[in-house]
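Here the protein sequences come in this chain order: P and Y. In case it helps, my numbering puts the first sequence at residues 24 to 444. In case it helps, my numbering puts the second sequence at residues 24 to 444. Glycine is no exception: its CB is placed at the ideal position from the N, C-alpha and C atoms.
Protein chains: 2
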Amino acid sequence: MHESVGKEEIMREEQEIENQIAIMLKGVANHTEVSEIREKLREAKKENRPFRIKLGLDPSAPDIHIGHSVVLRKIRQLQELGHIAVIIIGDYTGMIGDPTGKSKTRKQLSREDVERNANTYMEQIFKIIDRDRTEVHYNSEWLSKMNFGDVIELASKCTVARMLERDDFNNRYTNHLPLSVHEFFYPLMQAYDSVAVKADIELGGTDQTFNITMGRNIQRDYGQQPQLTLFMPLLEGIDGVEKMSKSLGNYIGISEEPAVIYEKVMKIPDNMIIKYYNLCTDVHPDEVDRIQKMLDEGANPRDVKMMLAHEITELYTGKENADQAQQRFETIFQQNKVPNDALTILIDPASPLMHGEQMIDFLVNNKQYKSKSEIRRIFNHGGAKLDEEKVTDERSIVIGEGVHILKVGKKNFYKVQLQGN
Amino acid sequence: MHESVGKEEIMREEQEIENQIAIMLKGVANHTEVSEIREKLREAKKENRPFRIKLGLDPSAPDIHIGHSVVLRKIRQLQELGHIAVIIIGDYTGMIGDPTGKSKTRKQLSREDVERNANTYMEQIFKIIDRDRTEVHYNSEWLSKMNFGDVIELASKCTVARMLERDDFNNRYTNHLPLSVHEFFYPLMQAYDSVAVKADIELGGTDQTFNITMGRNIQRDYGQQPQLTLFMPLLEGIDGVEKMSKSLGNYIGISEEPAVIYEKVMKIPDNMIIKYYNLCTDVHPDEVDRIQKMLDEGANPRDVKMMLAHEITELYTGKENADQAQQRFETIFQQNKVPNDALTILIDPASPLMHGEQMIDFLVNNKQYKSKSEIRRIFNHGGAKLDEEKVTDERSIVIGEGVHILKVGKKNFYKVQLQGN
Chain P
24 MHESVGKEEI MREEQEIENQ IAIMLKGVAN HTEVSEIREK LREAKKENRP FRIKLGLDPS
84 APDIHIGHSV VLRKIRQLQE LGHIAVIIIG DYTGMIGDPT GKSKTRKQLS REDVERNANT
144 YMEQIFKIID RDRTEVHYNS EWLSKMNFGD VIELASKCTV ARMLERDDFN NRYTNHLPLS
204 VHEFFYPLMQ AYDSVAVKAD IELGGTDQTF NITMGRNIQR DYGQQPQLTL FMPLLEGIDG
264 VEKMSKSLGN YIGISEEPAV IYEKVMKIPD NMIIKYYNLC TDVHPDEVDR IQKMLDEGAN
324 PRDVKMMLAH EITELYTGKE NADQAQQRFE TIFQQNKVPN DALTILIDPA SPLMHGEQMI
384 DFLVNNKQYK SKSEIRRIFN HGGAKLDEEK VTDERSIVIG EGVHILKVGK KNFYKVQLQG
444 N
Chain Y
24 MHESVGKEEI MREEQEIENQ IAIMLKGVAN HTEVSEIREK LREAKKENRP FRIKLGLDPS
84 APDIHIGHSV VLRKIRQLQE LGHIAVIIIG DYTGMIGDPT GKSKTRKQLS REDVERNANT
144 YMEQIFKIID RDRTEVHYNS EWLSKMNFGD VIELASKCTV ARMLERDDFN NRYTNHLPLS
204 VHEFFYPLMQ AYDSVAVKAD IELGGTDQTF NITMGRNIQR DYGQQPQLTL FMPLLEGIDG
264 VEKMSKSLGN YIGISEEPAV IYEKVMKIPD NMIIKYYNLC TDVHPDEVDR IQKMLDEGAN
324 PRDVKMMLAH EITELYTGKE NADQAQQRFE TIFQQNKVPN DALTILIDPA SPLMHGEQMI
384 DFLVNNKQYK SKSEIRRIFN HGGAKLDEEK VTDERSIVIG EGVHILKVGK KNFYKVQLQG
444 N
């Protein structure tokens, strides 16, 4: 009997480890060999200790959008499995910054500035990862204590040839663009962070492959077990083409209004649905497989996308807000059957013209109606609705965030949006 | 009247500066533009301060021979002109050592070891340069105080491309041989030494061109006036072909016996006479010109070489010793007319055979005499002289340093020398 219980126990543990691996690798672009991950998970299990998941952060990073969240969500999923996030604020690394070809070192921020930046940033991050299972360090803790000799020791761990394999270094060196010796230290310092916090695993975007792999090698050189590495794909923005970024306007901010998040998700192309499920939600990989199957079997992508939009909105604003956003979307867009090619009226919030007036100008300039007086007449007679509410006086209109629907008469639909929103 | 005195004064000062430049550049292979040297000398004169002449030393260097002395003699000449030597013992740089392709950093010597090495080394150096006009520093004074940020700042002053222009770096990089990032710091640290001691001028062999020029550039980056640079040619050994080095056995040690120094100088090829005058003596450039002229006009090179040998022997052992060495040379080599192609008997000091016995073996093995008993007979009858003294019993022979002459009968001459001497 005993033996059989032991076997069951082992089976159960092995299953749990395989489940952890499945969750760990969901949507991942590249990673350490599965056999090494399995081995390390078994060892940690045996020693009854969680993984230390390293995440290095540049405190000068902008507001967080779901492009950034890809890595953070993965960490959250690993935290749910019992592991610990070790966040490293790169205050010391920030002196150099990830190299961009500038020959000068950055001006060092004051301690106060660094901490203020870091706090703002952490507030956002804790919307995704679990504060209670997170350790926070500044890398000045260890880097500022290193003397010239320690730096030399660190630099001796990497060859120039290896360093010049980094794409941007190689490009600049080959094209005779300036590349200063100190820039080699960004990857080296970041790698040393892994030694300092004894990282078991480090996550990053595929654009961090060089730096994170360096961490693995440097740990080995300092006599530590090398960290596992997980590289997440870069997420396309809602246009489905370019990498998500604030400057391209194709981003979904994690602090945006529920309705805005919901609507933005609804804009992604159908071929992005599964990728967003994998990278922007915590939905279990088995469930994602089922959704893929649904799509394969002919489910309407719009319905699936609504599930996705609800899922993502709920993650950042809670279930109730997600429900409301969904209801609003259904009311405005679906029940009215707003055509996909409806014209969009962009409202300039900086213009001296009132929002209603800008709408009327747009409709006349785009030959939708003959004259402003014609439109005003329709408005006065109750023939226009903004988000299902009658507008009788255009002066009362104030457009907020997100997409709004102007319906004129029975069948003319227009989307209305603030510029840059 | 006044005006005319002022003019004379200026003329005199200008002449003195031109004289300094002539002494400074005697035998130099490469140097900063003369106009810049002149300008800097004028400024120093105006501020009534001597030049600070930097000399970096690796405390692991071996016994000093006159190959090393080339740079030291130049410094001595500059000291005679009123300038100050600033010697930097590279105790901190020694951690890396001038890169040779080793991927490990050197084990740091204990403070005691470093100081003992340095003291032994300095004792030799002070046979050449003037102790009273010398400042001595260890570069750990400033380098050990640098933190990671300071190191980054230093590294930012040089591009990777510039660094890879250094011949040995370039060769290793191009040929896929290991070149570690930390090796870049040897030139950078050495360059920073110039900043730390505010060097006005740095001297070195032509093989130090990269490092010393880096010092000039880094001083500029740190807002200092760049140091002047003087590069001395590498001195051929007494074979007149290979660079002088202990391992090749073609060296003249500055602590050798007067007779040995004298004889070794006498061995150099005639075409090396002027180069040795320029690099290994403090003879004024005008005087060297006269000697050149003497040779051009048909003077016997052997006579000139004897002047040179006396000059160099006197530098390291004093006039009396030089006179004696010269006399000995004349007695043994000239009066006896020892042929240049006389066979050399090498005595192995580690052999269990006595020196005399080894000599007899050599003479028989080389078919000079038929048998050992024949030689012994000649010895017993007073027919052999070692350095002009009769040897009647070969067991009494003990060969010391330097070249000795064995004369057997009236006309058979042999040089006798210890192996490796």
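Residue 414 (chain P) sits away from residue 427 (chain P), with the two beta carbons spaced by 7 Å or more.
Counting the other Cβ atoms within 10 Å of the Cβ of residue 432 (chain Y) gives fewer than 16, which makes it exposed. Looking only at P:246, P:36, P:257, P:208, the smallest Cα-Cα distance to residue 226 (chain P) is reached by P:257. Scanning the region 47–98 of chain Y from its first residue to its last, the whole alpha helix (DSSP H) runs of 4-plus residues come out as 57–69. Runs of the alpha helix (DSSP H) spanning 4 or more residues and lying entirely within the region 328–363 of chain P occur at 342–352, in chain order. Per the coordinates, the alpha-carbon of residue 301 (chain Y) lies some 41 Å from the alpha-carbon of residue 381 (chain Y). For residue 407 (chain Y), the secondary structure class from DSSP, reduced to helix, strand or coil, is strand. The three-state reading of DSSP puts residue 135 (chain Y) in helix, counting H, G and I together. In the DSSP assignment, residue 219 (chain Y) falls within the unbroken alpha helix (DSSP H) covering 208–220. Residue 224 (chain Y) and residue 88 (chain Y) do not touch by the CB rule: their CB atoms are close to 24 Å apart, not below 8 Å.
Runs of the beta strand (DSSP E) lying entirely within the region 227–258 of chain Y and spanning at least 3 residues, in chain order: 251–255. Exclusion of the five residues before and after residue 399 (chain Y) leaves 383, 417 as the residues of its chain whose Cβ lies within less than 8 Å of its Cβ. For residue 376 (chain Y), there are no neighbours in chain P by C-beta distance under 9 Å, as the nearest C-beta there is about 50 Å away. About 7 Å separates the Cβ atoms of residue 109 (chain P) and residue 222 (chain P), confirming a contact at the 8 Å cut-off.
Taking residue 116 (chain Y) as reference, the option from Y:308, Y:164, Y:99, Y:35 with the minimal CA-CA separation is Y:164.
Looking at the DSSP output, residue 369 (chain Y) shares a beta bridge with Y:440. Taking 7 Å as the cut-off, the beta carbon of residue 339 (chain Y) is found closer than this to the beta carbon of residue 277 (chain Y). The beta carbon of residue 101 (chain P) lies closer than 6 Å to those of 76 in the same chain, with the five residues before and after it left out.
Interface flag for residue 201 (chain Y) against chain P is set, since a Cβ pair is found closer than 7 Å. Within the same chain, 100 come within 6 Å of residue 46 (chain Y) by CB-CB distance, once the 5 residues on both sides are set aside. Under the 8 Å Cβ criterion, the region 360–375 of chain Y does not count as touching the region 323–338 of chain Y, having fewer than three qualifying pairs. Only those residues of the region 168–192 of chain Y whose C-beta falls short of 9 Å from the nearest C-beta of chain P are listed: 168, 169, 170, 171, 172, 173, 174, 175, 176, 177, 178, 179, 180, 181, 182, 183, 184, 185, 186, 187, 192. Under the criterion of beta carbons closer than 8 Å, residue 54 (chain P) and residue 252 (chain P) qualify as touching, at roughly 6 Å. Each residue's CA atom was taken as its position, placing residue 78 (chain P) and residue 205 (chain P) some 23 Å apart.
In this structure, the alpha-carbon of residue 366 (chain Y) lies about 15 Å from that of residue 290 (chain Y).
Only residues of its own chain outside the window of five on either side were considered, and among them 255, 258, 302 have a CB closer than 6 Å to the CB of residue 93 (chain Y), listed in chain order. Just so you know, the alpha carbons of residue 44 (chain P) and residue 98 (chain P) end up roughly 13 Å apart.
For the 7 Å CB-CB criterion, residue 441 (chain P) and residue 370 (chain P) form a contact. Within 10 angstroms of the beta-carbon of residue 323 (chain Y) lie fewer than 16 other beta-carbons, which makes it exposed. Contacts with chain P (Cβ-Cβ distance below 9 Å) from the region 211–232 of chain Y involve 211, 212, listed in chain order. Within chain P, the residues placing a beta-carbon under 9 Å from that of residue 205 (chain Y) are 174, 175, 176, 177, 178, 179, 180, 181, ordered along the chain. In chain order, 259, 271, 273 place their CB closer than 7 Å to the CB of residue 265 (chain P), counting only its own chain and leaving out the 5 sequence neighbours on each side. Sequence-distant partners of residue 182 (chain Y) (beyond 5 residues in either direction) whose C-beta falls short of 6 Å from its own C-beta are missing from its chain. Boundaries around residue 430 (chain P) are those of the beta strand (DSSP E), 427–431, since no alpha helix (DSSP H) includes it.
Residues 282, 285, 286, 289, 329, 332 of the same chain have their beta carbon placed closer than 8 Å to that of residue 352 (chain Y), with the five preceding and five following residues left out of the count.
Residue burial annotation: residue 217 (chain Y) is buried, with at least 16 other C-beta atoms found within 10 angstroms of its C-beta.
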